[in-house]
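K.L.:
In this note's numbering, the protein residues as written are 139 to 310.
(1) Output the distance between the C-alpha atoms of residue 273 and residue 232, rounded to the nearest integer angstrom.
(2) Consult DSSP for residue 263 and reduce its assignment to one of helix, strand or coil.
(3) Below 6 Å CB to CB, which residues in the same chain sit around residue 218 once its five sequence neighbours on both sides are set aside?
(4) Taking residue 232 as part of the beta strand (DSSP E), name the residues at either end of that continuous run.
(5) What's the call for residue 292, buried or exposed, on a 16-neighbour Cβ count within 10 Å?
(6) Please list the terminal residues of the continuous beta strand (DSSP E) segment that includes residue 202.
(7) Do you know whose CA, among 145, 271 and 144, lies nearest residue 263's CA?
(8) Note down the Cα distance separating residue 287 from residue 198, rounded to an integer number of angstroms.
(9) Roughly how many angstroms lie between the CA atoms of residue 256 and residue 277, to the nearest whole one?
(10) According to DSSP, which residues form a beta bridge with residue 214?
(11) DSSP puts residue 251 in a beta bridge; with which residues?
(12) Whose C-beta lies closer than 7 Å to the C-beta of residue 167 among residues of the same chain, with five residues either side of it excluded?
(13) Take the Cβ of residue 140 as the centre, count every other Cβ of all protein chains shown within 10 Å, and call the residue buried at 16 or more, exposed below.
(14) Tell me the rounded alpha-carbon separation between residue 176 and residue 184.
(15) In three-state terms, what does DSSP make of residue 276?
If you want it as structure tokens, here you go:
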């Protein structure tokens, strides 16, 4: 009996904390996915920026007329370390930085501005081709990771707007 009571208390605790799922649709069918679909992604220079932009567009689900625009400046730095006696490096560290801002198109107000930095380290191998391919794949993975983080940040920022839209829909 005590176990059942403890289980009941544990099941009721999450509902009492005020937790609300981010992607739950409201009474009117709108929610954060509907608000995210109004975010346009401005072009990002270079091939890596293009991959990041496409991934961000897929995550946001841009479908209609934009209400917001996200602008991203992507930079990367390559550092070598683990120097051998012949002065050649044994490892490289790729650091990628994304400075982004979310602008409301109706009045040009900046809703969000932030910077994310991510990094990874990999070994330099004897084959130059393998090292170059590893560097390119690592850069692509870091860019996609930054796109996912930007998507989540935009979702958290626009979640209150989605809630307002939902409450207005339910009052009609």
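By construction, the Cβ of each residue, glycine as well, lies at the ideal position given by its N, Cα and C atoms.
P.N.:
Working from what's here:
(1) 8 Å
(2) coil
(3) 227 and 230
(4) 227-242
(5) buried
(6) Unbroken run through residue 202: none, as it is neither H nor E.
(7) 271
(8) 12 Å
(9) 10 Å
(10) 234
(11) 239
(12) At residue 167 the pLDDT is 49, less than 50, meaning the model places this residue with poor confidence; the figure from the coordinates comes in the next sentence. None.
(13) exposed
(14) 25 Å
(15) helix
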